[in-house]
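Visitor: The listed protein sequences correspond, in order, to chains X and Y.
Note that the first sequence covers residues 2 to 297 in our numbering.
Note that the second sequence covers residues -5 to 253 in our numbering.
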Amino acid sequence: MGTVILLTLTGLGLAALYFLVASGLSLVFGLADVLNFAHGLFLGVGAYGTWWAAGNLPGAGPDGFGFVFAVAFGVAAGTLVAILVELVLIRPLYSRTIEQVLVTVGLSLAGVALLQATWGADARPFPRPDWTRQVTGILGAQVPNGGLLLIIAAVLVLGAILAFLRWTRYGLVIRAGVENREMVTALGIDVRKAFTLVFAIGGAAAALAGALGGVYFGTVSPGQGGSLLIFAFIVVVIGGMGSVVGSAYASVVVGLVQQFVNYYGTSGLGDICVVGLLAVVLLLRPQGIAGKVATA
Amino acid sequence: MEPVLSVEDLSVRISGLHILQGVSFTVAPTGVTVLLGRNGVGKTTTLRAIVGLTPPTGEVRGTIRMGAQSLLARPTHRLVRGGLGYVPEDRCVFAGLTVAENLRLAERRGTTPAYDKVFALFPELDRRGRQRAGSLSGGQQQMLAIGRVLLNDNRLLLVDEPTKGLAPKVVTEVAEVLERVAESVPVLLVEQNLAVVRRLARDAVVLAAGKVAWTGDAHELLLETALTKSLLGVGSAEVSTPSARSELASPAVARKDQL
Chain X
2 MGTVILLTLT GLGLAALYFL VASGLSLVFG LADVLNFAHG LFLGVGAYGT
52 WWAAGNLPGA GPDGFGFVFA VAFGVAAGTL VAILVELVLI RPLYSRTIEQ
102 VLVTVGLSLA GVALLQATWG ADARPFPRPD WTRQVTGILG AQVPNGGLLL
152 IIAAVLVLGA ILAFLRWTRY GLVIRAGVEN REMVTALGID VRKAFTLVFA
202 IGGAAAALAG ALGGVYFGTV SPGQGGSLLI FAFIVVVIGG MGSVVGSAYA
252 SVVVGLVQQF VNYYGTSGLG DICVVGLLAV VLLLRPQGIA GKVATA
Chain Y
-5 MEPVLSVEDL SVRISGLHIL QGVSFTVAPT GVTVLLGRNG VGKTTTLRAI
45 VGLTPPTGEV RGTIRMGAQS LLARPTHRLV RGGLGYVPED RCVFAGLTVA
95 ENLRLAERRG TTPAYDKVFA LFPELDRRGR QRAGSLSGGQ QQMLAIGRVL
145 LNDNRLLLVD EPTKGLAPKV VTEVAEVLER VAESVPVLLV EQNLAVVRRL
195 ARDAVVLAAG KVAWTGDAHE LLLETALTKS LLGVGSAEVS TPSARSELAS
245 PAVARKDQL
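(1) Which one of Y/V6, Y/S5, Y/F19 and Y/N33 has the shortest CA to CA distance from Y/L226?
(2) Taking the alpha-carbon positions, what's the Y/I58 to Y/D3 distance?
(3) Taking buried to mean at least 16 other C-beta atoms within 10 Å of its own C-beta, is Y/V200 buried or exposed?
(4) Does any residue of chain X have a CB that is nearer than 8 Å to the CB of Y/A43?
(5) Which residue from X/F165, X/A142, X/L88 and X/L42 puts its Cα closest to that of X/V113?
(6) What's the gap between the Cα of Y/P69 and the Cα of X/L188?
(7) Look at the alpha carbon of Y/E232 and the alpha carbon of Y/R121, and state the distance between them as a whole number of angstroms.
(8) In its own chain, which residues sit with a C-beta less than 6 Å from the C-beta of X/F232, not counting the 5 before and 5 after it?
(9) Okay, do the region 62 to 80 of chain X and the region 240 to 255 of chain X touch, 3+ Cβ pairs below 8 Å being the bar?
(10) Which residues, in order along the region 85 to 115 of chain Y, keep a beta-carbon less than 7 Å from a beta-carbon of chain X?
(11) Residues in the same chain with beta-carbon distance under 8 Å from Y/G210, minus the five sequence neighbours each way, listed in chain order, please.
(12) Does the Cβ-Cβ distance between X/S248 and X/A124 come in under 8 Å?
(13) Does X/D191 have its Cβ less than 8 Å from a Cβ in chain Y?
(14) Give the DSSP-derived three-state secondary structure of Y/E53 in the structure shown.
(15) For Y/T48, return the contacting residues in chain X, with the cut-off set at a CB-CB distance below 7 Å.
(16) Shorter than 8 Å from the beta carbon of X/S96 to some beta carbon of chain Y?
(17) Just the Cα atoms here: how many angstroms apart are Y/H213 and Y/R192?
(18) Is X/A55 near X/P128, with beta carbons less than 8 Å apart?
(19) With a threshold of 8 Å between beta carbons, is X/L26 in contact with chain Y?
(20) In whole angstroms, give me the CA-to-CA distance for Y/D251 and Y/D154.
(21) So that I know if they touch, is there some Cβ in chain X lying closer than 8 Å to that of Y/R149?
(22) Measure the beta-carbon distance from X/G25 to X/G50 and round it to whole angstroms, keeping in mind my assumption that it falls under 8 Å.
(23) Go ahead and pull the three-state DSSP assignment for Y/R192.
(24) Nearest chain X C-beta to Y/T235 closer than 8 Å, yes or no?
(25) Let me make sure I understand the geometry here. Which of Y/F88, Y/R149 and Y/I8 has the alpha-carbon closest to that of Y/Q63?
(26) Does the region 40 to 53 of chain Y come into contact with the region 5 to 12 of chain Y, if we say contact requires no fewer than three beta-carbon pairs (one atom in each stretch) closer than 8 Å?
(27) Cα separation between Y/V(-2) and Y/G77?
(28) In angstroms with no decimal places, state the Cα-to-Cα distance between Y/L11 and Y/G204.
(29) In the DSSP output, which residue or residues are listed as bridge partners for Y/G210?
(30) Cβ of Y/P180 less than 8 Å from any chain X Cβ?
(31) Please confirm whether X/L188 has its beta-carbon closer than 8 Å to some beta-carbon of chain Y.
(32) Taking X/R286 as the query, report the chain Y residues whose CB atoms sit under 9 Å from its CB, ordered along the chain.
(33) What are the complete beta strand (DSSP E) segments, minimum 3 residues, inside the region 115 to 195 of chain X?
(34) Does the distance from the CB of Y/L29 to the CB of Y/L183 come in under 8 Å?
(35) Against chain X, with Cβ distances strictly below 8 Å, would Y/P162 count as a contact?
(36) Just to make sure I have the definition right: I need the residues of chain X whose C-beta is within less than 8 Å of the C-beta of Y/R124. Which are they?
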């Protein structure tokens, strides 16, 4: 029983990580039709921003409020990069899908290379509060606090995004834009501002995933964003492009399948099962769990 | 009177197809000007070019002016904020949003949305505020699409096939509303229902093969059965008599004469 509880909660921790990356990816694709392969870069910037701030920024550190400050710095850096990427590189390329893919793939590769050139290719220990290295006993299972932190953060982010979509003017614009972007402009709304906003939201969530992923894994490395991005894309497709709630459901499914299959089967088999799940969803329900709806 | 809109030598090419080829016409500052033509002649393309919604892969040439202001190359949202209201073909309501949210989306900063006017025209929208737009009937969706545009002041309304696919009773209701709307704002209407055209339109522009084939008084056009048949592919005799005209007001017998 303890093993099942442990696998469930660590699977949910993994799901939380996927959700933080996938939620922004899904909104960006749903609204702007941009398949953003550079999304992993935002995660990398968040992780390295937090790592750098904890060691160098006055007031920041690996514990207490200093760690919160370091994470806030990392998230701000990731958000800023996301906004710049949208304004400088993506905005001139809306409706030019192939060019977008080329630019974002190139940017993701360049971003990893830049991180490697600056801080080396090897994984570095991630500064984190001591309590995140410890475990909490839940129904007989010793669950890592880093995973629980991820779950709490993902639930808060999910709630915040849903509240934003449900209760704010821009949330309304985004939900409408996911359905019919052209009609939003035909109502006199500059939908490009919403594009920038969803990039900012997605960048912030991915950067938070980078910071908390560092806590979860205990290290930070230049390629971390890219490897998580693959599963985030799978989550987005399974959940339904543009649906935050769909991404949440799909994250849970993918995280749990990976964790249980990897444990009870062979290591790595869980990843294969997830890809198989993706194929099944594409064949039977190509619109994903929720379809193209920015759910609020 | 100066026209509210003038289109000169408008050409639109999309994916290699030359859809409009030097189209020129004007829209009077009052009443309804109807854009007619057989399917595929470029009526919707014309409206979309005016409101700046030609696909990015398309090419638009010519001149479009609203008053002294050139409209080409201006983004759609600015044109709309400048008073160009657009009701697209197939309603395009946001199905996942409620009726109230669809209306709220059309609100603009710095202006007071005319909910009183909209709810006076469409009381149903007020009652169904919390209902998802996707669950409305076709007629109710059309009312929402028109109501959304009427929340703001407009200098010109572009309305694309508002009666398409609607039940006869609802066609009559939509025609009544457009008639009332046209009392205060000029309308450029694409419409295939000749009974509605007869009721609403004062001027007509007929497109054929991407060019203007005829312009003039809409009623004169409809009286010329042979001309109507040659330009539009159907005769108008059945809606040209006074008795037939009155039929439009009768839900049971209002008919759709597809061009």
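Heads up, the beta-carbon is just placed ideally off N, CA and C, and yes, glycines get one too.
Quick caveat, the model's predicted, so the values are computed rather than measured.
Guide: Reading it off the structure:
(1) Y/N33
(2) 9 Å
(3) buried
(4) no
(5) X/L42
(6) 12 Å
(7) Annotation note: pLDDT 48 at Y/E232 (below 50); position unreliable, no value reported.
(8) Y19
(9) no
(10) C86, F88, A89, G90, L91, E95, R98, L99, A100 and R102
(11) D197 and A198
(12) no
(13) yes
(14) strand
(15) Going along chain X, no residue has its Cβ under 7 Å from Y/T48, so there is no contact; the nearest lies around 11 Å.
(16) yes
(17) 6 Å
(18) yes
(19) no
(20) For Y/D251, the pLDDT reaches just 39, beneath the cut-off of 50, and the residue's location in the model is therefore unreliable, although a value from the coordinates is still provided. Each residue's alpha carbon lies about 16 Å from the other.
(21) no
(22) Actually they do not touch by this definition, with Cβ atoms about 16 Å apart.
(23) helix
(24) In this predicted model, Y/T235 has a pLDDT of only 41, less than 50, meaning its place in the structure is not dependable enough to derive any value.
(25) Y/R149
(26) yes
(27) 11 Å
(28) 10 Å
(29) Y/A198
(30) no
(31) yes
(32) Ordered by position in chain Y, no residue passes the 9 Å Cβ test against X/R286, which lies about 18 Å from the chain.
(33) 136 to 139 and 142 to 145
(34) yes
(35) no
(36) Within chain X, no residue comes near Y/R124; the closest Cβ sits about 14 Å away, beyond 8 Å.
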